[in-house]
Amino acid sequence: MTTLVHALRERGARYGLQTMREAGGLSNATILERLQ
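Per our numbering: the sequence shown ends with 1377, consecutive numbering throughout.
Here it is, written out as structure tokens:
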């Protein structure tokens, strides 16, 4: 998550998507919006 936040700031991007796989076939996705 921290890497995504830094990448958004460096690139001046507004949105970022993070996905994670967990044990047992579970997964989750998070969309971040950078606010000035």
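Cβ atoms here follow ideal geometry from the backbone N, Cα and C, with glycine treated the same way. Model, not experiment: these values are computed from the prediction.
If you look at Ala1348, you'll find it in the alpha helix (DSSP H) that goes 1343-1352.
Gly1357 and Ile1372 have their C-alpha atoms roughly 6 angstroms apart. Residues of the same chain with a CB within less than 6 angstroms of the CB of Asn1369, apart from the 5 flanking positions on each side, are Met1361 in chain order. If the five residues before and after Met1342 are omitted, its C-beta is found closer than 7 angstroms to the C-beta atoms of Gln1359, all from its own chain and listed in chain order.
Checking the DSSP bridge columns, you'll see Gln1359 partnered with Thr1371.
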